[in-house]
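In what follows, a structure is listed as structure tokens, so that the remarks can point back to it.
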Amino acid sequence: MKSRLIASLALSTLVVLGTSGCALLSTQATTIPYSPSDGVNIPDSGPLQVRNVLIVSDEEGVDGNLVAAIVNATNDPHTLNIEWGEGSSKSSEEIRVPALSTVSLGTAETDPLPLEGIDTKPGANLPMYFQSGDGEGILFDVPVLDGALPYYGDLLP
Numbered sequence: 533m534k535s536r537l538i539a540s541l542a543l544s545t546l547v548v549l550g551t552s553g554c555a556l557l558s559t560q561a562t563t564i565p566y567s568p569s570d571g572v573n574i575p576d577s578g579p580l581q582v583r584n585v586l587i588v589s590d591e592e593g594v595d596g597n598l599v600a601a602i603v604n605a606t607n608d609p610h611t612l613n614i615e616w617g618e619g620s621s622k623s624s625e626e627i628r629v630p631a632l633s634t635v636s637l638g639t640a641e642t643d644p645l646p647l648e649g650i651d652t653k654p655g656a657n658l659p660m661y662f663q664s665g666d667g668e669g670i671l672f673d674v675p676v677l678d679g680a681l682p683y684y685g686d687l688l689p
């Protein structure tokens, strides 16, 4: 009788470990960061947080409009430096963000930031450099979208 009890316990233990073993070894999916929209979130490149960045361009992809939310959670104003292109076609823009505020580009209240000479067709990514404050800055691929979706139609250059 004791051997049956021990065998039952051993079998039960194997079943429990066998059915839950995957959860012990795999990464919990809800802890993996991702961008839940069409744009991308730029990893911290200084005191400013750059969220949901994307570019809206027409079919030729010559010029585009930058859409983003730039958050300053500090008590000091900061400037976001953005660069794109290479060599003689390199361009840059600066966006000043007041303390404890958010600048949203491409909303009903604020126009998107025009980017001339991106030469990137919709469906591709444009490498852009983002830097603020004393941060090191980061080069990140920003998606270029077209105006096919109704809510991007008004954002075309």
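Mapping to our numbering: the sequence shown position 71 is 603, numbers consecutive.
Idealized CB from N, CA, C, for every residue including glycine.
For residue i, the three-state DSSP class (helix, strand or coil)
i: G596; result: strand
i: I538; result: helix
i: L586; result: strand
i: L543; result: helix
i: T642; result: coil
i: T634; result: strand
Residue i to residue j span [Cα, whole Å]
i: S535; j: L543; result: 12 Å
i: T639; j: V547; result: 55 Å
i: A561; j: S567; result: 14 Å
i: S589; j: P565; result: 27 Å
i: P689; j: T642; result: 14 Å
i: I614; j: S558; result: 38 Å
i: W629; j: N607; result: Note that residue 629 is Val in the sequence shown, not Trp. C-alpha separation (whole angstroms): 11 Å.
i: D576; j: P644; result: 22 Å
i: E625; j: T563; result: 34 Å
i: G655; j: L637; result: 21 Å
Candidates the options, of which the one nearest residue i by Cα
i: I627; options: G649, L598, N607; result: L598
i: G685; options: E591, T634, V635; result: E591
The beta strand (DSSP E) enclosing residue i, as first and last residue numbers
i: Y661; result: 657-664
i: P646; result: 645-647
i: E626; result: 623-629
i: P675; result: 670-677
i: I574; result: 572-574
Contact set for residue i: own chain, Cβ-Cβ below 7 Å, skip 5 residues either direction
i: S569; result: N584
i: D651; result: G593, V594
Bounding residues of the alpha helix (DSSP H) (the contiguous stretch that carries residue i)
i: P682; result: 682-685
Beta-carbon contacts of residue i that lie in its chain and below 6 Å, excluding the five residues immediately before and after
i: G665; result: G578, P579, H610
Own chain partners of residue i with C-beta closer than 8 Å, once the 5 adjacent residues on each side are dropped
i: G649; result: V594, D595, G617, S621, S623
i: I587; result: G596, N597, L598, V599, L647, I650, T652, L658, V674, P675, V676, L677
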